[in-house]
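Peer 1:
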Amino acid sequence: MTTIPIEKALIEDLAQFKLKRVCTLIEEILERWKETSADVFIDKARKGIHEEAENDAIELRQLLLEERKLRDLLSSVQGST
Numbered sequence: 673m674t675t676i677p678i679e680k681a682l683i684e685d686l687a688q689f690k691l692k693r694v695c696t697l698i699e700e701i702l703e704r705w706k707e708t709s710a711d712v713f714i715d716k717a718r719k720g721i722h723e724e725a726e727n728d729a730i731e732l733r734q735l736l737l738e739e740r741k742l743r744d745l746l747s748s749v750q751g752s753t
């Protein structure tokens, strides 16, 4: 694999931009279903309380994973010197 040097600030900017978009998408899904907690929404979707929420619940789980990865990336970049 080829290694390409890149400025730390650029990585941070890109990750923060993507993280902001992911968080916006998460909020939009929760607002659509009038929920404040992703875990509660996913649980209600699983139990069938929110009918036809399966696709949003799947998307929300993927967005939460992406959010966690981006936060981990940011903390590792900010923690390195």
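Quick note on this note's numbering: the sequence shown kicks off at 673 and runs consecutively. From the three backbone atoms N, C-alpha and C, an ideal C-beta is built for every residue, glycine too. For clarity, every value in this text was computed on a predicted model and none was experimentally measured.
1. With a cut-off of 8 Å on the beta carbons, I'd call Ala687 and Leu742 a contact; round off their distance for me.
2. Pairing CB atoms from the segment 746–753 with CB atoms from the segment 698–705, are three or more of them under 8 Å?
3. For Ile678, which of helix, strand or coil comes out of DSSP?
4. Quick check: the Cα distance between Asn727 and Ala717, rounded to an integer number of angstroms?
5. Please state whether DSSP places Thr708 in a helix, a strand or coil.
Peer 2: The relevant details are as follows:
1. For the purposes of this step, residue 687 is taken as residue 15 along the sequence shown, with counting starting at 1. For the purposes of this step, residue 742 is taken as residue 70 along the sequence shown, with counting starting at 1. 5 Å between Cβ atoms; contact.
2. no
3. Within the sequence shown, residue 678 is the residue found at index 6, counting from 1. Looking at Ile678 - three-state DSSP - the assignment turns out to be coil, as it is neither helix nor strand.
4. Here residue 727 refers to the residue found at position 55 of the sequence shown. Here residue 717 refers to the residue found at position 45 of the sequence shown. Using only the alpha carbons, I get a separation of about 9 Å.
5. Within the sequence shown, residue 708 is the residue found at index 36, counting from 1. Per DSSP, reduced to three states, the secondary structure at Thr708 is coil, with no helix or strand assignment.
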